[in-house]
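This report refers to the structure that appears directly beneath it.
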Amino acid sequence: MLKFLMKRLIQTIPVLIGVTVLTFSMILLIPGDPAQIIAGEAASPAQLELVRERLGLNNPIPVQYWDYVTGLLRGDMGNSVRSGRAVSTEVFGRLAPTIELAFYSTLLAVFLGLIAGVISAVKRYSLTDSVIMFGALFGLSMPNFWLGLMLIQWLVIGQGWFQASGWGSPQQMFLPVVTLGTAGSAIIARMTRSSMLEVIDMDYIQTARAKGVSERVVIYRHALKNAMVPVVTVVGLQFGSLLGGAVLTETVFAINGLGRLIINAIRARDFPIVQGGVLVFAFMFVFVNILVDVLYRLLNKRIDLN
Amino acid sequence: MQEEVNMNTGGISGQEPINPNVVRFKEFMKKFLRNKSALIGAIMILILFMIAIIGPMLTDVSPNAQDLTNRLATPNADNWFGTDHLGRDIFTRIVHGMSITLRVGFFSVLIGMSVGVTLGVISGYYGKWVDTIIMRFMDILLAFPGILLALAVVSVLGGSLNNVIISVAVFSIPVFARISRGSTLEVRQLEYIEAVKALGASDLRIISLHVLPNILSPIIVQATLNIATSVLTASGLSFLGMGAQPPTPEWGAMLSDGRNYMWDAPHVATIPGLAIVVVVLAFNIFGDGLRDALDPKTKN
Amino acid sequence: MTLAEKLLQVENLKISFSTGDDLLEVVSDVSFDIEEGKTLGIVGESGSGKSVSARSIMRLLDKNAVIDPNSNILFDGQEILKKSEREMQQIRGKDIGMIFQDPMTSLNPTMKIGKQISETILIHQNVSKKEAAEQAKEIMHLVGIPDVETRYSQYPFEFSGGMRQRIIIAIALACKPKLLIADEPTTALDVTIQAQILDLLKDIQAKTGTSILLITHDFGVVANMCEKIVVMNKGRVVEHGTTKEIFSAPKDDYTKKLLAAIPNLHEEKSEESKVKLKEIYSGKREKLIEVKELAKHFPLGRKDILKAVNSVSFDIYKGETLGLVGESGSGKSTTGRTLLRLHEATSGETVYEGSDLNTYKKNQMKEMRKRVQFVFQDPYSSLNPRKKVEDIIGEALDIHKLSKGKKQRRERVEELLELVGLEKSFSQRFPHEFSGGQRQRIGIARALAVEPEFIVLDEPLSALDASVQASIVVLLEELQKKLNLTYLFIAHDLATVKKLSDRVAVMYKGNIVELTDSEELFENPVHSYTKRLLSAIPVPDPHYEATVEKVDMDAEPEVIHIGETFTEIKPNHWVMQ
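Chains as they are written, first to last, in numbering that gives the first Met the number 0: chain A, 0 to 305; chain B, 0 to 299; chain C, 0 to 576.
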């Protein structure tokens, strides 16, 4: 297992390098003079030259990239153009709410999704199944920023039950988690159902029936465990995409997380922050994927990979 | 809902075409028409298109016409969906926004699909180092979670409708690349591909005449479902102010405007959101139905 | 004979499937019975309704199956068809055990095999978990799984196909059922493994006295196993009787046709073939291809390689058929594909009229493809389902620009269809409209379109029913004579290869272990693997089966010594020693 983990980590290196290349080139690809953008419209030629000097913008591009990467390795992601503070401080200071939000939302999604999916599969083609599946489709079709606003509308403005902004107390956390977790639970429910239905048609289910196993046991002992294998992958991917979805949710609920930091930085044209934030998001996502792979393998060790 | 009809019992000569991606057209139409959700989805999409094309001709006010004396009016006989903070008629703006939404959905998927499928087929067909390079590149794109890649692209290119289309397209390239690569690998090992190779056919001939037509179904299904995702992502970008700029009647942007009036006039935010839901739902329903109809495993 | 001795009586069984609005009758008026401790074989080709009949005894049919109310299935004096689902659960696994066709998919991949076996015991017997485990281990021992203690807690993927089938048998036997239903238990297995599993079933019957209902498409298997036989065709019983009666004096035409279709191992070769051999051995026939130390390795991960073909050398003479026989994984198909550069060779030469094919450039190879062709194993996946027959066959003409204009192209396609015994009008249809045999003919017509001189036939018969196989063999023989073709005929069993081939090469683990003319090979096999392979053929002749002495099949295949050098031990008989 350790060997697999090592191998997987080594495989990730080119991806990580690619990610840094992309975030690095963000600055290069901005139309216009990066120094001008960073220093602001009103900057004098002398100030511009200073910015160029400080950021190494006069160096050849490969050198700039080298400086960027070596800087990253030292934990240096540059400084915010607006506040002047280190990007790393800004970014890591905002990380916790985002991770918590994504984590709780994933928990909710897994919990709701699994229950709904199994019920749907067991009662396939019944009214319950149709209702759950339409619900899932609807959940999948809602923009989460709109769902967030609607929840605020009904439960905060209408009922005064929760708080519509900030992060920390359960009252603040409930709505964002529901908002972000809904689409995820819809996806997991659909996946669980189809995976269960696929497994139920397998030969080994017939073998179990031929043993005289009752239908209940067939489903819960033989089908469910096998059906979970592809679902695990989806859960992992969900956590990643929920990280991304946090951008919108944080904006709606005014949560001071990484997503909101990036959005505000884009508005303020504070590119070092955008660059650093996006990079941290991508790295997190890559490592979550490795974790999922490891988990999948642990679960899947028993399955013939051919 | 549909009845479960399964003919998998051994013994009857149940030999089906081996290629899992191929369903014959007649059979497809039969299943499609029986599949109520696909039909409903198709009708919904048709209506949406008609609204996008004919709608703007039928509305008599301009979507940007302001009437500051009639601000934040709730839905009534004159303003079916009410008015916004500048007194603009929301119904008119929704109707005009339809074509924007559909355009973004279609073009972004079209671009993402063209690039993604090309890369995926090349990757799957040639394998080896070509495959490694292309798929590693896709991994890099996939390393940006969710909407973030699109956001990064827009932040570089600047906020505009065309840039939204491009950024959402970039975001959907890896999805298409993966799917078409997988199907190509599946089709490539079928014996009829080897048979044409044994006849001396060139790679180009094999790819265009034998591989592509046989991997179309999963790609079409994915494209349909991806329109739904793209519409969501694009409206998200506009909601954040990174997409269509005011006063464009883009639904995400309208929703964003409505946010500030949640207490007094909730309909300003609610209605554009509902419009997005309807469009996304239509494509999701259609895509689901299409998948069932194209899947040889579900029998009619 | 009294009624009490009959364990199972099926009377007037009629089963239909509802397909939307229609009822499709798949089993009509089927009756048979099994006595205690005996084996009944049901033989039929695909679509005969044999499996559906067997499953109805377990009541394991799909939901859309409708059993006619006038049908009777009496098991041990009880009417199966009147049982509730709960009552059936008590019979399944306890009184009736079932063995399925495909051992690769019939075991739960996430459950330890010991648990899968003891589950049956725990359901039906009031015993502790520990005792169930003990019993399960005993049964594993009985079905010949070595090293029971370790194997007990392993997962299915850690077992080979043959071993998995033993586990499935163990599951079925766990509660010592009175009846064992075996639905094509060996179809998915190699011949030598098949022989082992059939021996095991016989052995178990001798020890436990269970009755067996054996469903198969293979007359060879029933001759070996059964006292009585029921022959089914299109949902009906066409003939039943003792094995001896049916083999010696079949009454029904369909049975006769099936029996006639079985290749006879003792049939003498034709005069023509003898002449061919004489010419080859005396050097009068020209060599068409010389294969020299051809090897094909596939990378497995970064470090390991799979030596699919491990340096093989042989010659193919003009106008002959060289048979290439081996079980799955022997490298026979890879050899055929590498020969025609569908795979690139790792090393070695394929000398075709003086020059090595492996050195040919792209355009040279394209020219070459007009002279060498390939016929594939699977008639379903070898034809593009989206193309008309005219375009499938015509593609060869397009690629090499062999026809001018649409009219000429169509005429040529129609000519080819007639050549392989199909109707002209078929050119306008799609592959799915044809049966397996017809599709295989289309595949042959496609190969013939470029007028090749050499064709690699890669198991062209193995996906077809026995009666269809025979007609394809006749077609291939006729074509060879008419068009002066040379064949490399690849097959997985010696029986099919014998009829068609002049000389035979036996492959094992990437090596050719024996090569000589087919008669010599059958009369004097030398290599231990060849002997094993010959002995494993279930000969559809009950008399032969009863008298012949068999090689002990229980030996693990690793025991076989491949040898180092390919030596001519007597004139024209080469063996790896």
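Cβ atoms here follow ideal geometry from the backbone N, Cα and C, with glycine treated the same way.
CB contact check: residue i to chain A, cutoff 8 Å
i: ARG165(C); result: no
i: PHE238(B); result: yes
i: ARG258(B); result: yes
i: ARG91(C); result: yes
i: ARG135(B); result: yes
i: SER105(C); result: yes
i: ALA554(C); result: A caution first: ALA554(C) carries a pLDDT of 47, below 50, which makes its placement in the model unreliable, though a value can still be read off. No, no contact with chain A.
i: ILE122(C); result: yes
i: ASN20(B); result: Low local confidence applies: a pLDDT of 44 at ASN20(B) is under 50, so the model's placement there is unreliable, with the coordinate-based value given in what follows. For ASN20(B), the answer is no, since every Cβ of chain A falls outside 8 Å of its Cβ.
i: ASN283(B); result: yes
i: ILE178(B); result: no
Short Cβ contact (8 Å threshold) for residue i with residue j
i: ARG284(C); j: GLY318(C); result: yes
i: ALA37(B); j: PHE285(B); result: yes
i: MET224(C); j: GLY40(C); result: yes
i: ILE138(C); j: ILE116(C); result: yes
i: ASN255(A); j: ARG93(A); result: yes
i: LEU484(C); j: ILE471(C); result: no
i: VAL176(A); j: LEU247(A); result: no
i: VAL167(B); j: ALA142(B); result: no
i: ILE288(C); j: ILE315(C); result: yes
i: GLY347(C); j: LEU293(C); result: yes
i: VAL68(A); j: GLY77(A); result: no
Residue-chain proximity (residue i, chain B), Cβ-Cβ < 8 Å
i: ASN357(C); result: no
i: LEU98(A); result: Rather than Leu, the amino acid found at residue 98(A) in this sequence is Ile. By this cut-off, ILE98(A) is not an interface position.
i: LYS250(C); result: no
i: ASP377(C); result: yes
i: PHE102(A); result: no
i: PHE280(A); result: yes
i: LYS360(C); result: no
i: MET149(A); result: yes
Counterpart residues of residue i in DSSP-defined beta bridges
i: PRO298(C); result: ILE304(C)
i: TYR280(C); result: In the DSSP output, where bridge partners are listed per residue, TYR280(C) has none listed.
i: SER15(C); result: GLU24(C) and VAL65(C)
i: VAL574(C); result: GLU513(C) and THR566(C)
i: ARG91(C); result: ILE95(C)
i: SER354(C); result: TYR351(C)
i: GLN8(C); result: ASP32(C) and LEU73(C)
i: TYR151(C); result: TYR151(C) pairs with nothing; no bridge assigned.
i: MET231(C); result: VAL236(C)
Interface flag, residue i vs chain C, CB-CB below 8 Å
i: VAL212(A); result: yes
i: THR232(A); result: no
i: LYS122(A); result: no
i: THR22(A); result: no
i: ALA207(A); result: yes
Open item on the list: Taking beta-carbon pairs under 8 Å, can you tell me which members of the segment 236-260 of chain A lie near chain C?
Closed with: none
Open item on the list: Using a Cβ-Cβ cutoff of 7 Å, what residues of the segment 379-413 of chain C are near chain B? List them in chain order.
Closed with: TYR379, SER380, SER381, LEU382, ASN383, PRO384, ARG385, GLU394, ALA395, ILE398 and HIS399
TODO: Return the residues of the segment 309-342 of chain C that lie within a Cβ-Cβ distance of less than 7 Å from chain B, sorted by chain order.
DONE: LEU339 and LEU341
Task: Where the segment 1-17 of chain A meets chain C: residues whose CB sits under 7 Å from a CB there - done: none
Task: Selection of the segment 425-449 of chain C by Cβ proximity to chain B, strictly under 9 Å - done: PHE429, PRO430, HIS431, SER434, GLY435, GLY442, ARG445, ALA446, ALA448 and VAL449
Open item on the list: Check whether the segment 205-220 of chain C and the segment 524-538 of chain C are in contact - that is, three or more C-beta pairs closer than 8 Å.
Closed with: yes
Task: Residues of the segment 49-62 of chain C with Cβ closer than 7 Å to any Cβ of chain A, in chain order - done: MET57 and LEU59
- [ ] Compile a chain-ordered list of the residues in the segment 472-504 of chain C whose CB is closer than 7 Å to at least one CB of chain B.
- [x] none
Open item on the list: Would the segment 226-235 of chain A count as touching the segment 34-44 of chain A if we require 3 or more Cβ pairs under 8 Å?
Closed with: no
- [ ] Report yes or no: do three or more beta-carbon pairs, one from the segment 91-99 of chain C and one from the segment 163-179 of chain C, lie closer than 8 Å?
- [x] yes
- [ ] May I ask you to list, following chain order, the residues of the segment 208-221 of chain B that have a beta carbon less than 7 Å from some beta carbon of chain C?
- [x] HIS209, PRO212 and ASN213
Open item on the list: With three or more C-beta pairs closer than 8 Å as the rule, is the segment 179-188 of chain A touching the segment 98-113 of chain C?
Closed with: no
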